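Asks: Here this note's numbering is used: the first residue of the sequence shown is 242, the next is one more, and so on.
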Amino acid sequence: MPNKRKLLVTNRKTSLGLLFALVLSASFPSCTGGTRQAEEDAEERAEADSLAAREQFVRDSVEAERTRPLTAADITVEKEFLFEDYLLEDSYPYGDTIRVIKWDKIKENLATIENVQKVKHKWGVIQNYKNLNGEAPLVHTWHRNAYKLVSDSLNIARYQSVPLYRLPDSVTPRRYGRDGTPVVFRDSVGGYYTLSLYDGDEEWAVPKKYVHFISDSVTFGHIVFVDRSDQNIVTMERAEKGRWLVRSTNPCTTGKHNPPFQMETPLGTFLVQQKKAKMFYTHDGSSRIAGYAPYASRFTNGGYLHGVPVNNPNGKIIEYSASLGTTPRSHMCVRNASSHAKFIYDNFPTEETLVVVID
């Protein structure tokens with residue numbers, strides 16, 4: 242028979258061993274349980290990381306789309322006419338040819354207009370109508386054009402233009418900028434503003450007296466397109482990003498290259514700067530008043546959008562001319578039906594409307 246004292250000791254040791262094992266088991270999970278928990282934690286972290294990555298991808302995609310430059314393909318044009326007289330179709334006969342409204346070019350320009358307004362700018366316009374801000378100095382390289390006017394290498398005449406400098410040379414300008422060209426403010430340096438011309442990246446220094454700043458809140462949502470080759474005029478309003486409404490399509494007559502008095506309407510983008518209910522004009526080569534053009538909106542130099550000229554200072558407004566939509570014949574201006582000129586005059590605001598002249 243075993244020794245009772247020895248058996249008691251053994252049982253106590255066994256009990257203590259079991260108790261110790263139970264404590265260890267409670268305090269430290271088994272290898273199998275710990276691995277499972279670690280795997281679950283890893284899965285949760287991976288899922289959270291994946292969700293964060295997806296959310297970041299969406300944010301990056303939205304931002305990339307927001308900042309992506311628009312192209313002509315992104316522009317939607319819808320016809321919602323507000324002026325329906327003398328409407329032109331997308332293509333129409335003229336003599337033995339077919340003329341068109343160049344929607345592709347119009348969309349390209351609308352895309353540019355959208356893109357330059359994506360970033361908020363301080364906008365201005367360079368001005369020197371009738372040299373009121375002072376005659377621009379001679380540029381480095383100049384010549385006399387067909388009108389015997391001093392012009393730069395781009396054939397922009399000195400008269401009514403603004404000098405553009407490349408600092409530190411503040412003595413001789415490199416070229417001229419046309420009156421009415423929209424500009425983006427970059428900096429102020431002494432007596433100069435450094436500016437970019439409308440949609441260009443190049444910076445130019447311009448004496449401050451030639452720069453007029455417009456409202457910081459301006460949005461160029463009113464556009465008038467003038468086609469020199471097909472002699473038509475299209476007005477448009479912006480509905481939302483990339484979506485533009487056609488308000489009218491009409492015949493017009495642009496400026497004629499005919500020295501020494503008649504000048505072509507210049508290509509480019511300009512700002513409507515001034516309006517006159519009657520724009521009086523003189524006989525060629527004279528200071529004597531010859532008549533007036535009704536509902537005139539000036540966009541560059543002496544170039545106006547206006548109604549049919551009245552060759553009598555006291556005459557009544559003439560609504561339409563058979564010459565509209567035919568061939569260039571004015572003095573830089575853009576003639577259109579007088580009621581259409583009034584439509585522009587009344588609905589396309591000064592310093593908020595762009596005039597884009599295309600070929």
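Don't be surprised by glycine CBs; every beta carbon is placed ideally from N, CA and C.
Values in this document were obtained by computation on a predicted structure and should not be read as measured data.
Answer yes if the region 365-385 comes into contact with the region 329-345, meaning at least three C-beta pairs across the two stretches below 8 angstroms, and no otherwise.
Replies: The region 329-345 is not in contact with the region 365-385.
Asks: Taking only runs that begin and end inside the region 528-596, name each unbroken alpha helix (DSSP H) of 4 or more residues, in chain order.
Replies: The qualifying runs are 579-588.
Asks: Leaving out the 5 sequence neighbours to the left and right, which residues in its chain are closer than 8 angstroms to phenylalanine 502 when beta-carbon positions are compared?
Replies: Cβ neighbours of phenylalanine 502 beyond the five flanking positions: Asp525, Gly526, His572.
Asks: For the beta strand (DSSP E) containing glutamate 349, list its first residue and its last residue.
Replies: Careful: glutamate 349 lies outside any beta strand (DSSP E), inside the alpha helix (DSSP H) at 344-357.
Asks: What residues match up with arginine 385 in a beta bridge as DSSP calls it?
Replies: In DSSP, arginine 385 forms a bridge with Val391.
Asks: Rounded to whole angstroms, what's the CA-CA distance from glycine 431 to glutamine 401? Just pull it up for me.
Replies: Roughly 24 angstroms between the two C-alpha positions.
Asks: Taking DSSP as the reference, what is the three-state secondary structure of aspartate 326?
Replies: Coil.
Asks: Count the other C-beta atoms from every protein chain shown that fall within 10 angstroms of the C-beta of phenylalanine 454, then say buried if there are 16 or more, exposed otherwise.
Replies: Its Cβ having fewer than 16 others within 10 Å, phenylalanine 454 is exposed.
Asks: Skipping 5 residues on each side, what residues in its chain have a beta carbon closer than 8 angstroms to that of tyrosine 433?
Replies: Contacts found: Tyr406, Leu408, Ser411, Ala446, Val447, Pro448, Lys449.
Asks: Using a 10 Å radius around the Cβ and a threshold of 16 neighbouring Cβ atoms, would you call threonine 251 buried or exposed?
Replies: Any reading at threonine 251 needs caution, since the residue's pLDDT is 45, under 50, leaving its predicted position unreliable; the model's value is listed next. Threonine 251 comes out exposed.
Asks: If we call anything under 8 angstroms between Cβ atoms a contact, is serine 489 one with leucine 351?
Replies: Not closer than 8 angstroms, so no.
Asks: Please name the residue in Val597, Asp428, Val487, Asn552 whose C-alpha comes closest to that of threonine 495.
Replies: The shortest Cα separation from threonine 495 among Val597, Asp428, Val487, Asn552 belongs to Val597.
Asks: Hey, how far is the Cα of cysteine 574 from the Cα of glycine 544?
Replies: The alpha-carbon atoms of cysteine 574 and glycine 544 are separated by roughly 4 angstroms.
Asks: Examine the Cβ distances between the region 534-543 and the region 514-521 and report whether three or more of them are shorter than 8 angstroms.
Replies: Contact between the region 534-543 and the region 514-521 is present, because at least three Cβ pairs lie under 8 angstroms.
Asks: Looking at the structure shown, is serine 332 part of a helix, part of a strand, or coil, going by DSSP?
Replies: DSSP places serine 332 in strand when its eight states are reduced to three.
Asks: Using the Cα positions of isoleucine 620 and alanine 480, report the straight-line distance between them to the nearest angstrom.
Replies: Since the first residue of the chain shown is 242 and the last is 600, residue 620 is not available in this structure.
Asks: Can you tell me which of Asn542, Thr567, Ser562, Ala531 puts its alpha carbon nearest to the alpha carbon of asparagine 555?
Replies: Closest option to asparagine 555, Cα to Cα, is Ala531.
Asks: By alpha-carbon positions, which one of Arg484, Asn577, Thr506 ends up nearest to aspartate 315?
Replies: Cα-wise, what sits closest to aspartate 315 is Arg484.
Asks: With C-beta atoms as the reference, is lysine 363 less than 8 angstroms away from phenylalanine 426?
Replies: Yes, they are a contact pair.
Asks: Between which residues of its own chain and leucine 508 is the CB-CB distance below 8 angstroms, once the five residues before and five after are set aside?
Replies: If we look at leucine 508 and ignore the five residues flanking it on each side, its Cβ neighbours are Arg469, Val598, Ile599, Asp600.
Asks: Rounding to the nearest angstrom, what Cα-Cα distance links arginine 570 and asparagine 396 in this structure?
Replies: Computed Cα separation, rounded: 21 angstroms.
Asks: Could you tell me how far apart the beta carbons of valine 487 and valine 318 are, in whole angstroms, since I believe they sit closer than 8 angstroms?
Replies: Indeed, because the Cβ distance is near 6 angstroms, the residues count as touching under 8 angstroms.
Asks: Ends of the beta strand (DSSP E) at aspartate 468?
Replies: Segment 463-468, the beta strand (DSSP E) holding aspartate 468.
Asks: If you draw a straight line from the C-alpha of asparagine 369 to the C-alpha of arginine 416, how long is it?
Replies: Rounded to the nearest angstrom, the two C-alpha atoms are 15 angstroms apart.
Asks: Please report the residue range of the beta strand (DSSP E) in which alanine 518 lies.
Replies: 515-523 is the extent of the beta strand (DSSP E) around alanine 518.
Asks: Using beta-carbon positions only, say whether isoleucine 464 and cysteine 493 come within less than 8 angstroms of one another.
Replies: No, these two residues do not count as a Cβ contact at 8 angstroms.
Asks: By a C-beta neighbour count over all protein chains shown, 10 Å radius and 16 as the cutoff for buried, is glutamate 310 buried or exposed?
Replies: Before going further, note that residue 310 is proline rather than glutamate in the sequence given. So proline 310 counts as exposed.
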